[in-house]
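Asks:
Protein chains: 2
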Amino acid sequence: MKRDYATELDFLKSALTLENPLMPTENFLAWMDEKKKAVKVDIEQIRFSEMDHWGFAADSNLRHSSGKFFSIEGIEIDTSWGNVNQWSQPIINQPEIGFLGIITKKINGILHFLMQAKIEPGNINFVQLSPTLQATKSNYTKVHKGRAPLYLEYFRGEKSGQTRVLLDQLQSEQGARFLKKRNRNIIIEVAGDIEVYDNFCWLTLGQIKEALRYDNIINMDTRTVISGIPIGSYPTEVIRLYETLLSTEKNYPTSLLTSFLDEERSLHRIEEIISWITRQKSEYELEVKSIPLKEVQRWVRDDMAIYHEDQKYFSVIPVRATISNREVTSWTQPLVKSAQEGIIAFIIKKIKGVYHFLVQAKLEAGNFDIVELAPTVQCLTGNYRESNGPPFIHNVLNAPPEQVRYDTLQSEEGGRFYREQNRNIIVEVNEDFPLEVPSNYMWITLNQLNTFIMFNNYLNIQARSLLSSISFT
Amino acid sequence: MKRDYATELDFLKSALTLENPLMPTENFLAWMDEKKKAVKVDIEQIRFSEMDHWGFAADSNLRHSSGKFFSIEGIEIDTSWGNVNQWSQPIINQPEIGFLGIITKKINGILHFLMQAKIEPGNINFVQLSPTLQATKSNYTKVHKGRAPLYLEYFRGEKSGQTRVLLDQLQSEQGARFLKKRNRNIIIEVAGDIEVYDNFCWLTLGQIKEALRYDNIINMDTRTVISGIPIGSYPTEVIRLYETLLSTEKNYPTSLLTSFLDEERSLHRIEEIISWITRQKSEYELEVKSIPLKEVQRWVRDDMAIYHEDQKYFSVIPVRATISNREVTSWTQPLVKSAQEGIIAFIIKKIKGVYHFLVQAKLEAGNFDIVELAPTVQCLTGNYRESNGPPFIHNVLNAPPEQVRYDTLQSEEGGRFYREQNRNIIVEVNEDFPLEVPSNYMWITLNQLNTFIMFNNYLNIQARSLLSSISFT
Numbered sequence: 001m002k003r004d005y006a007t008e009l010d011f012l013k014s015a016l017t018l019e020n021p022l023m024p025t026e027n028f029l030a031w032m033d034e035k036k037k038a039v040k041v042d043i044e045q046i047r048f049s050e051m052d053h054w055g056f057a058a059d060s061n062l063r064h065s066s067g068k069f070f071s072i073e074g075i076e077i078d079t080s081w082g083n084v085n086q087w088s089q090p091i092i093n094q095p096e097i098g099f100l101g102i103i104t105k106k107i108n109g110i111l112h113f114l115m116q117a118k119i120e121p122g123n124i125n126f127v128q129l130s131p132t133l134q135a136t137k138s139n140y141t142k143v144h145k146g147r148a149p150l151y152l153e154y155f156r157g158e159k160s161g162q163t164r165v166l167l168d169q170l171q172s173e174q175g176a177r178f179l180k181k182r183n184r185n186i187i188i189e190v191a192g193d194i195e196v197y198d199n200f201c202w203l204t205l206g207q208i209k210e211a212l213r214y215d216n217i218i219n220m221d222t223r224t225v226i227s228g229i230p231i232g233s234y235p236t237e238v239i240r241l242y243e244t245l246l247s248t249e250k251n252y253p254t255s256l257l258t259s260f261l262d263e264e265r266s267l268h269r270i271e272e273i274i275s276w277i278t279r280q281k282s283e284y285e286l287e288v289k290s291i292p293l294k295e296v297q298r299w300v301r302d303d304m305a306i307y308h309e310d311q312k313y314f315s316v317i318p319v320r321a322t323i324s325n326r327e328v329t330s331w332t333q334p335l336v337k338s339a340q341e342g343i344i345a346f347i348i349k350k351i352k353g354v355y356h357f358l359v360q361a362k363l364e365a366g367n368f369d370i371v372e373l374a375p376t377v378q379c380l381t382g383n384y385r386e387s388n389g390p391p392f393i394h395n396v397l398n399a400p401p402e403q404v405r406y407d408t409l410q411s412e413e414g415g416r417f418y419r420e421q422n423r424n425i426i427v428e429v430n431e432d433f434p435l436e437v438p439s440n441y442m443w444i445t446l447n448q449l450n451t452f453i454m455f456n457n458y459l460n461i462q463a464r465s466l467l468s469s470i471s472f473t
Numbered sequence: 474m475k476r477d478y479a480t481e482l483d484f485l486k487s488a489l490t491l492e493n494p495l496m497p498t499e500n501f502l503a504w505m506d507e508k509k510k511a512v513k514v515d516i517e518q519i520r521f522s523e524m525d526h527w528g529f530a531a532d533s534n535l536r537h538s539s540g541k542f543f544s545i546e547g548i549e550i551d552t553s554w555g556n557v558n559q560w561s562q563p564i565i566n567q568p569e570i571g572f573l574g575i576i577t578k579k580i581n582g583i584l585h586f587l588m589q590a591k592i593e594p595g596n597i598n599f600v601q602l603s604p605t606l607q608a609t610k611s612n613y614t615k616v617h618k619g620r621a622p623l624y625l626e627y628f629r630g631e632k633s634g635q636t637r638v639l640l641d642q643l644q645s646e647q648g649a650r651f652l653k654k655r656n657r658n659i660i661i662e663v664a665g666d667i668e669v670y671d672n673f674c675w676l677t678l679g680q681i682k683e684a685l686r687y688d689n690i691i692n693m694d695t696r697t698v699i700s701g702i703p704i705g706s707y708p709t710e711v712i713r714l715y716e717t718l719l720s721t722e723k724n725y726p727t728s729l730l731t732s733f734l735d736e737e738r739s740l741h742r743i744e745e746i747i748s749w750i751t752r753q754k755s756e757y758e759l760e761v762k763s764i765p766l767k768e769v770q771r772w773v774r775d776d777m778a779i780y781h782e783d784q785k786y787f788s789v790i791p792v793r794a795t796i797s798n799r800e801v802t803s804w805t806q807p808l809v810k811s812a813q814e815g816i817i818a819f820i821i822k823k824i825k826g827v828y829h830f831l832v833q834a835k836l837e838a839g840n841f842d843i844v845e846l847a848p849t850v851q852c853l854t855g856n857y858r859e860s861n862g863p864p865f866i867h868n869v870l871n872a873p874p875e876q877v878r879y880d881t882l883q884s885e886e887g888g889r890f891y892r893e894q895n896r897n898i899i900v901e902v903n904e905d906f907p908l909e910v911p912s913n914y915m916w917i918t919l920n921q922l923n924t925f926i927m928f929n930n931y932l933n934i935q936a937r938s939l940l941s942s943i944s945f946t
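So this is what it looks like as structure tokens:
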């Protein structure tokens with residue numbers, strides 16, 4: 001498969017660059033703090049009956065009066081996967097494909113990313129670092145009558161002479177919360193001058209990955225976009241070339257990179273992994289039927305919230321957001337509030353000298369195509385406090401500290417989720433850990449995962465979020 | 474991307490082999506004729522009220538009493554693609570994923586394919602060459618109480634010690650007729666002895682491709698399975714190796730092969746093609762709502778058929794099939810009957826010395842993921858007799874004979890379609906043909922098409938059918 005190694009090398013150099021005279025990392029962290037202090041954010045939980053433009057329609061679903069944005073509907077699930085084979089639940093239905101776009105530009109030969117300190121009502125910290133553009137179709141077709149999002153023209157082809165597309169993929173959102181929702185994840189490079197508006201700044205990819213070592217700074221949308229960048233997935237001859245180029249130009253650190261290069265040392269061929277996925281999709285059925293919200297079993301709706309009768313999973317709450325420097329200063333909207341914190345974790349293991357990720361084929365109700373590739377562990381806290389918990393949870397939670405390669409709290413998208421954060425963990429197990437795994441798990445290299453990310457609907461958002469945290473510095 | 478070049482070489486050798494002492498091609502053609510003469514097939518058009526186990530349910534949809542097999546339902550389509558943006562139509566709903574499986578075995582070092590002379594009620598000629606196994610889930614879970622299909626055990630893992638999976642992909646069926654239907658296309662290799670039942674024979678891939686030069690011998694299921702074999706999609710270094718290996722062993726003809734090798738000479742990088750597909754899927758919306766069959770607008774149902782009021786598109790007819798040597802000797806079922814013959818055609822052009830295929834991003838109501846990659850031209854005859862016809866139709870129909878590389882009639886699946894055949898054409902245009910094409914078309918090499926075939930839901934069944942006909946001998 002012919003690939004654009006020149007672009008990949010540009011991405012790699014940016015990932016290996018931590019120095020940025022325009023915005024050194026310590027300044028960036030101070031700048032984020034400043035942005036946070038500069039805005040007044042008030043999120044008030046209200047009643048459904050107090051919402052503007054939102055209400056329960058004749059079919060009982062929760063909708064905006066314009067018919068746009070998103071709605072909260074019911075679905076009924078019938079599946080042959082797992083232990084629970086039938087249930088109904090509320091789900092977010094937002095059929096439009098939105099933009100998650102990052103503008104990049106070479107500054108002193110290094111690709112810099114134009115990032116935005118963005119306020120979202122559901123954000124922990126209120127302000128998190130988002131892509132240059134984060135826009136639903138309703139957003140950029142101006143349904144809410146605000147001004148058009150900044151930089152939109154760069155992504156809609158209006159500046160096509162000055163821009164080049166580096167990455168352009170459809171990627172899924174949370175299958176347990178969204179019905180088949182996908183976004184267009186896109187990275188472009190601009191050639192000429194470009195205005196940097198207030199709340200925007202240039203960062204290298206290395207700096208973004210450095211900020212991912214802290215809790216809740218980099219938002220979910222940024223994480224999904226950068227997860228598509230195929231760093232570390234080079235054939236041997238390319239990395240040898242890179243090493244030469246990189247060491248000639250500058251003393252880039254490349255030692256960490258080599259542990260991710262599969263150089264044809266992967267445990268399974270890509271065809272075997274495709275066969276494994278094909279088998280999962282053929283064996284398991286997932287039938288999803290839309291139903292009116294009021295027909296969802298075991299869920300209660302009162303004027304304050306839509307919630308499960310056991311207070312499990314999540315609830316939908318109406319809020320009024322009042323924000324000083326956003327396009328629309330005050331508005332009401334529903335937010336999804338998780339009943340508890342979750343955990344997502346990859347177990348990785350060096351096999352033949354190369355890191356392999358223990359990947360799970362996971363079915364979720366809103367998945368576009370039955371199963372997606374998920375982290376080794378993906379569950380809510382409540383689940384793993386129960387007697388057994390899901391497979392491998394104890395390997396993750398009881399890992400000796402020297403095996404924990406990554407452990408932070410990262411937020412879900414603050415435009416839909418109320419202060420939801422998940423623990424993101426990567427654990428490197430040692431030699432003793434068995435290669436033999438249950439039939440719905442498989443060891444896959446980063447190179448191979450990157451190949452699947454290029455094509456639609458393979459890796460779920462949790463897996464992508466974890467992969468975005470992998471740093472080579 | 475690490476690939477299994479040893480397997481690809483096995484496939485290539487089989488594709489380049491026309492001599493088969495077990496079953497020379499002329500014997501094979503005689504054998505097919507014999508099979509055809511050996512059965513008595515009677516397909517009688519009946520009334521819906523005369524059907525056994527089939528009937529119109531309370532919701533007006535046409536169903537089998539077991540709830541299995543398939544049903545004829547209504548859908549309502551809302552799309553921003555094309556000139557007609559809203560319509561409703563009947564569609565075949567068969568949510569199960571079936572098997573289309575071929576067993577292969579090395580005989581004298583060459584991979585041979587175990588093929589079946591299979592009777593299907595809708596087949597032109599009644600008998601066509603099908604994969605070893607062609608089974609819906611209802612089929613192999615024995616809903617129709619016949620015996621289990623032959624060789625099923627090889628595909629369900631019961632012989633896993635003696636078998637190796639060579640190819641295993643989910644591929645779509647006709648998006649205009651089936652609602653999101655997919656089959657598991659699988660090729661396995663067996664090591665030990667295997668019984669060859671009546672109606673089965675061993676053929677090389679070259680022989681199957683040779684038979685594809687004739688009308689209506691190789692059925693659609695065989696065509697889709699062999700289209701997944703990545704012949705001709707090798708990197709330069711691999712083909713050099715192959716040439717050496719092949720010429721050492723035997724004087725294989727490889728001259729045709731080299732015109733398909735892109736050797737990094739493709740007009741577009743794979744990332745650009747992915748970006749183009751992403752743009753199509755983001756820009757065009759496809760909303761499909763299930764409706765009762767009786768609510769489909771402008772379609773009529775009487776006791777003889779379900780048909781469009783202008784007699785266009787297709788109709789659904791009830792038939793009684795009586796066949797002498799099938800599991801169930803006589804049964805009734807609905808078949809879909811096309812209102813006219815169709816045409817599917819690829820325009821190919823040598824660009825930088827490599828064949829590029831002019832591919833169309835096409836939306837069809839039953840598509841799994843909005844658009845699929847389709848041949849340059851795909852339409853019903855009625856369409857192109859109208860004033861203008863679809864783009865490029867005249868380049869195909871008025872091509873000078875020396876540009877026509879392939880031109881045969883090939884059948885749709887005879888288990889669902891009544892004697893439906895489409896003209897399959899490949900035209901090689903010359904230098905003058907413009908590289909500039911409308912925004913929903915793109916020039917793609919065979920290597921790149923083969924890469925997309927590996928992943929789900931990219932090439933539609935018409936594109937795959939045409940690719941299966943490419944011969945290198």
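Protein sequence lines correspond, in order, to chains H and E. Mapping to my numbering: the first sequence position 232 is 232, numbers consecutive. Quick note: to get my numbering, add 473 to the position in the second sequence (first position is 1). Note that CB positions come from ideal geometry on N, CA and C, so glycine has one too. Because the structure is a prediction, the values reported are computed rather than measured.
Would F686/E be called buried (16 or more neighbouring beta carbons within 10 Å of its own) or exposed?
Replies: In the sequence as presented, Phe is not what sits at residue 686/E; that position holds Arg. Label assigned to R686/E: exposed.
Asks: Relative to the C-alpha of T805/E, which residue among Q559/E, S487/E, M915/E and F542/E is closest?
Replies: F542/E
Asks: Relative to the C-alpha of P90/H, which residue among D78/H, E295/H and G157/H is closest?
Replies: E295/H
Asks: For N692/E versus E886/E, is the C-beta spacing smaller than 8 Å?
Replies: Contact flag set, yes.
Asks: At a Cβ cut of 8 Å, what residues of the segment 281 to 292 of chain H count as close to chain E, listed as they run along the chain?
Replies: K281, S282, E285 and E287
Asks: Hey, which unbroken runs of the beta strand (DSSP E) at 3 residues or more fall wholly within the segment 659 to 713 of chain E?
Replies: 673 to 677
Asks: To be precise: take each residue of the segment 910 to 928 of chain E, compare its Cβ to all Cβ atoms of chain H, and keep it if any distance is under 7 Å. Which residues remain?
Replies: Along the segment 910 to 928 of chain E, going in chain order, the ones with a CB nearer than 7 Å to a CB of chain H are T924, M927 and F928.
Asks: Just the C-alpha distance for I779/E and W772/E, rounded to the nearest angstrom, thanks.
Replies: One C-alpha to the other measures close to 7 Å.
Asks: Taking 7 Å as the line, does the beta carbon of Y670/E fall inside it for any heavy atom of the ligand GDP?
Replies: The ligand GDP is not among the ligands present in this structure, which contains no ligands whatsoever.
Asks: Return the chain-ordered list of same chain residues with a C-beta closer than 7 Å to the C-beta of Y757/E, the five sequence neighbours on each side being excluded.
Replies: T552, S553, W554, L836, I843 and V844
Asks: Give me the Cβ distance between F126/H and D303/H, rounded to the nearest whole Å; I'm assuming they're in contact under 8 Å.
Replies: With 8 Å as the limit, F126/H and D303/H do not qualify as a contact, their Cβ atoms being about 26 Å apart.
Asks: Which residues of chain E have a Cβ atom closer than 7 Å to the Cβ of S60/H, listed in chain order?
Replies: Here the premise fails: no neighbours, minimum Cβ distance about 18 Å.
Asks: Residues of chain E with CB closer than 8 Å to the CB of L170/H, please, in chain order.
Replies: T751, K754 and S755
Asks: Taking a cut of 7 Å between CB atoms, which residues from the segment 345 to 361 of chain H lie near chain E?
Replies: none
Asks: Is there a C-beta anywhere in chain H that falls below 8 Å from the one on S748/E?
Replies: yes
Asks: Any beta carbon of chain E sitting closer than 8 Å to that of I124/H?
Replies: no
Asks: Suppose you measure from the CA of T381/H to the CA of L397/H; what does that come to, to the nearest Å?
Replies: Rounded to whole angstroms, T381/H to L397/H spans 11 Å at the Cα level.
Asks: Checking the sheet assignment: what are the DSSP bridge partners for I824/E?
Replies: V827/E
Asks: CB A15/H to CB I231/H, shorter than 8 Å?
Replies: yes
Asks: Examine the Cβ distances between the segment 343 to 360 of chain H and the segment 306 to 317 of chain H and report whether three or more of them are shorter than 8 Å.
Replies: no
Asks: In the structure shown, what three-state DSSP assignment does P401/H receive?
Replies: helix
Asks: Between the C-alpha atoms of P121/H and E50/H, what's the straight-line distance to the nearest angstrom?
Replies: CA-CA distance, P121/H to E50/H, rounds to 17 Å.
Asks: For S469/H versus Y406/H, is the C-beta distance shorter than 8 Å?
Replies: Yes, they are a contact pair.
Asks: Would you check if the distance between the CB atom of P748/E and the CB atom of V190/H is smaller than 8 Å?
Replies: Here residue 748/E turns out to be Ser, not Pro, going by the sequence shown. No. Outside cutoff.
Asks: Look up Q171/H in the DSSP assignment and give the residues it is bridged to.
Replies: Its beta-bridge partners are N183/H.
Asks: When the cut-off is 8 Å and only beta carbons count, does P568/E lie next to chain H?
Replies: yes
Asks: Under the rule that 16 or more other beta-carbon atoms within 10 Å means buried, what is D198/H, buried or exposed?
Replies: exposed
Asks: Could you give the DSSP three-state label for D42/H: helix, strand or coil?
Replies: strand
Asks: Closest to K40/H by CA distance: which of L170/H, E428/H, R184/H and I323/H is it?
Replies: I323/H
Asks: Could you give the uninterrupted runs of the beta strand (DSSP E) lying entirely in the segment 358 to 441 of chain H, keeping only those of 3 residues or more?
Replies: 371 to 374, 377 to 380, 404 to 411 and 421 to 428
Asks: Whose CA, out of A479/E, V850/E, C674/E and I548/E, lies closest to the CA of M505/E?
Replies: C674/E
Asks: At the 8 Å Cβ level, is R657/E part of the contact set with chain H, yes or no?
Replies: Cβ-Cβ to chain H under 8 Å: yes for R657/E.
Asks: K578/E lies in the beta strand (DSSP E); which residues open and close that run?
Replies: G571 to I580 is the span of the beta strand (DSSP E), which, as asked, contains K578/E.
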